[in-house]
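Single-structure report; data block below.
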Amino acid sequence: MKSATTAQYDLIRGIWRENPVLIHLLGLCPALAVTNTVANSLAMGLATFFVLMGSSLLVSTFKRFIPHEVRISAYILIIATFVTIADLVLAAVVPEIHKALGAFIALIVVNCMILGRQEAFASKRPVSRAALDATGTGIGFLIAMLMMGSVRELLGNGTLLGYSVFGAGFEPWIIMILPPGGFLTLGVFLLAMGWWRGRTEGAQARVRRWPHGVATRRAA
Amino acid sequence: MSDLFWILISAMVVNNFTLALFLGLCPFMGVSARVATALRMGAANIFVMVITSLTAWVLNTFVLTYAPYLRLISFIVVIASLVQIVEMTIKKLSPTLFRELGIFLPLITTNCAILGLAIFQTNRGYGLLEGLAFAVGAGLGLALALVLMASIRQQTELSDLPGLARNMGLVLIVAASLSMAFMGFAGLLSS
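Protein chains in written order, with the working numbering: chain A, 580 to 799; chain B, 324 to 514.
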């Protein structure tokens with residue numbers, strides 16, 4: 580019973596409660612740079628998922644053989660190997676998306692989320708738990724990418740996965756598919772989450788967290 | 324000469340690494356709370372970028388023509404070890420400089436802005452001088468974005484914000500406005 584709960588926790592933790600992008604703000608570069616359409620977000624999310632899963636499995640398998648002093652370099656080498664595989668596969672299977680993502684496929688190597696999971700989890704846990712954790716975190720990343728991608732494509736282009744949603748009368752908000760739109764979308768998500776958290780926590784917690792903020796004025 | 328100048332200006336403001344290409348966001352969010360720290364981080368960034376550009380040029384010209392599929396791995400390994408060596412040299416030769424920049428060097432060697440610089444330089448086929456201009460421009464652009472952001476954040480620290488804006492949400496909204504402002508530089512290139 581206990582182990583089943585741990586396994587479930589390993590799996591679901593990364594999906595929402597510790598979502599890599601929305602909570603920990605890791606892996607922001609791809610989350611902002613390539614989410615201008617849903618298709619690009621999906622490809623990037625899946626490629627990252629593959630790299631994360633592959634490197635977690637490998638790091639967890641070989642954790643006894645990797646010397647502690649050079650572990651970071653070893654992790655980066657493992658990650659870079661999987662990224663090269665993903666890069667070549669994407670170029671062969673979906674060349675136009677590979678072109679749209681450009682250098683950002685190669686930049687999966689320096690996605691701090693992946694290195695973070697290796698250092699914090701896969702290098703200390705058995706293979707099965709590392710696989711569950713990679714699945715959860717990968718899905719969490721994918722969800723965040725799709726949330727960003729759908730908002731930006733819908734508002735910036737009036738389409739979803741290339742299909743028109745609002746019809747011909749819709750004036751697209753070009754800014755949303757340009758760089759500022761990425762910052763704006765994620766910023767609004769974070770503000771909304773801050774608002775939600777502030778609403779669900781009681782006034783008590785608010786006093787603790789922001790002692791010279793809203794609560795002091797209300798008390799006065 | 325003017326070509327090099329335009330590469331520098333373009334990398335610095337028009338295609339600013341942080342605000343237009345979303346590279347190097349970790350330091351942009353993490354070390355932008357104080358102007359003094361932001362300045363030092365920016366300087367360390369320029370320094371590492373110049374080393375990176377030189378390394379990438381040497382690797383591209385002399386090594387990687389034989390094995391292009393090893394590009395990513397060799398970039399990372401060589402750049403990381405070179406920065407490590409330079410860091411040790413600085414520590415030995417100039418302890419003052421090391422105290423100013425040292426702590427940031429290991430942080431930025433595996434930063435996406437650094438690897439991004441090497442990859443963009445390769446994709447665009449820049450030569451040695453063009454690559455150096457690109458690196459200096461990109462570094463200056465990153466430093467500019469960092470310092471601007473840090474100055475704004477120092478101001479907001481003293482102002483009366485609603486509770487929901489006390490996380491990174493506000494920083495991202497500010498980044499969005501900065502990014503919009505930098506889009507105004509796009510007209511520079513077409514003229």
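Built from N, CA and C at the ideal position, the CB exists for glycine as well. Remember, predicted model here, so these are calculated numbers, not experimental data.
Inset, instruction - Take Ile594/A and list the residues in its own chain whose beta-carbon comes closer than 6 Å to its own, dropping the five residues that flank it on each side. - result: Gly715, Ile718 and Gly719
Inset, instruction - Since I believe Leu611/A is in contact with Gly761/A (beta carbons under 8 Å), could you give me their beta-carbon distance rounded to a whole number of angstroms? - result: 4 Å
Inset, instruction - Give the range of the alpha helix (DSSP H) segment to which Met364/B is assigned. - result: Val358 to Val381
Inset, instruction - Starting from the C-beta of His677/A, find all residues in its chain whose C-beta is less than 6 Å away, skip the five residues before and the five after it, and write them out in chain order. - result: The beta carbon of His677/A is closer than 6 Å to those of Leu669 and Ala670 in its chain, skipping five residues each way along the sequence.
Inset, instruction - Since I believe Ala685/A is in contact with Ile442/B (beta carbons under 8 Å), could you give me their beta-carbon distance rounded to a whole number of angstroms? - result: 5 Å
Legend entry - Ser729/A beta carbon less than 8 Å from that of Leu721/A: Not a contact, by the Cβ cut-off of 8 Å.
Legend entry - Close-in-space but distant-in-sequence residues of the same chain around Leu484/B (CB under 8 Å, 5 per side omitted): Leu493
Inset, instruction - Alpha carbon to alpha carbon, how far is Ala679/A from Phe345/B? Give it in angstroms, no decimals. - result: 15 Å
Inset, instruction - Check each candidate in Arg357/B, Thr384/B, Leu393/B and Thr341/B and name the one with the smallest Cα separation from Tyr449/B. - result: Thr384/B
Legend entry - Within 8 Å, strictly: CB atoms of Phe629/A and Ala653/A: no
Inset, instruction - Quick one: list the residues of chain A neighbouring Asn490/B, beta-carbon separation under 7 Å, in chain order. - result: Leu769 and Gly773
Inset, instruction - Say whether chain A places a C-beta atom closer than 8 Å to the C-beta of Met506/B. - result: yes
Inset, instruction - Find the residues of chain A that neighbour Leu342/B, judging by a C-beta separation of less than 7 Å, and give them in chain order. - result: Pro758
Legend entry - Closest Cα partner of Ile431/B within the set Ser417/B, Leu387/B and Val373/B: Ranking Ser417/B, Leu387/B and Val373/B by Cα distance to Ile431/B puts Val373/B first.
Inset, instruction - Report the residues of the stretch 374-394 of chain B with a CB closer than 9 Å to any CB of chain A, ordered along the chain. - result: Tyr392, Leu393 and Arg394
Inset, instruction - Going by CA-CA distance only, name the one from Gly347/B, Phe328/B and Ala356/B that's closest to Leu481/B. - result: Ala356/B
Inset, instruction - For the alpha helix (DSSP H) holding Phe385/B, just list the boundary residues, first then last. - result: From DSSP, Phe385/B is part of no alpha helix (DSSP H); its letter is neither H nor E.
Inset, instruction - Put Leu739/A into one of helix, strand or coil per three-state DSSP. - result: strand
Inset, instruction - Count the other C-beta atoms from every protein chain shown that fall within 10 angstroms of the C-beta of Glu732/A, then say buried if there are 16 or more, exposed otherwise. - result: Looking at its Cβ environment, which holds 16 or more other Cβ atoms inside 10 Å, Glu732/A is buried.
Legend entry - Between the CA atoms of Ala473/B and Leu501/B - distance to the nearest angstrom: 12 Å
Inset, instruction - Give a yes or no on whether 8 Å exceeds the smallest Cβ distance from Met503/B to chain A. - result: For Met503/B, the answer is yes, since a Cβ of chain A falls inside 8 Å of its Cβ.
Legend entry - C-beta atoms of Ala499/B and Leu770/A nearer than 8 Å: no
Inset, instruction - Pick out the complete alpha helix (DSSP H) segments inside the stretch 676-748 of chain A, 4 residues or longer, and give them in chain order. - result: 691-696 and 706-736
Legend entry - Partner residues on chain B for Thr663/A, Cβ-Cβ distance less than 9 Å: Tyr392, Leu393, Arg394, Leu395 and Ile396
Legend entry - the stretch 673-686 of chain A: positions lying closer than 7 Å to chain B by Cβ: Ala682, Ala685 and Leu686
Inset, instruction - Spell out whether any CB of chain A is found under 8 Å from the CB atom of Ala498/B. - result: yes
Inset, instruction - Determine the direct distance from the alpha carbon of Trp775/A to that of Ile330/B, and round the result to whole angstroms. - result: Pairing Ile330/B with Trp775/A, the inter-Cα distance amounts to about 45 Å.
Inset, instruction - Flag Leu428/B as yes if its beta-carbon sits less than 8 Å from any beta-carbon of chain A, otherwise no. - result: no
Inset, instruction - Please list, in chain order, all residues of the same chain as Ala799/A whose beta carbon is under 6 Å from its beta carbon, the five residues on each side excluded. - result: Residue placement at Ala799/A cannot be trusted, given a pLDDT of 39 that sits under 50; what the coordinates show is reported in the next sentence. So no residue of the chain qualifies.
Legend entry - Per-residue DSSP class, three states only, for Val600/A: Here Val600/A sits in coil by DSSP.
Inset, instruction - Quick one: which residues of the stretch 430-448 of chain B get their C-beta closer than 7 Å to a C-beta of chain A? List them in chain order. - result: Thr433, Asn434, Cys435, Leu438, Gly439, Ile442, Phe443 and Asn446
Inset, instruction - Taking Ile645/A as part of the alpha helix (DSSP H), name the residues at either end of that continuous run. - result: It is not in any alpha helix (DSSP H) - Ile645/A carries neither H nor E in the DSSP assignment.
Inset, instruction - Kindly indicate if chain B contains any beta-carbon less than 8 Å away from that of Ala626/A. - result: no
Inset, instruction - Alpha carbon to alpha carbon, how far is Phe641/A from Ala468/B? Give it in angstroms, no decimals. - result: 41 Å
Inset, instruction - Give a yes or no on whether the minimum CB-CB distance between Leu465/B and chain A is below 8 Å. - result: no
Inset, instruction - Please check if any C-beta of chain B sits within less than 8 Å of the C-beta of Val689/A. - result: yes
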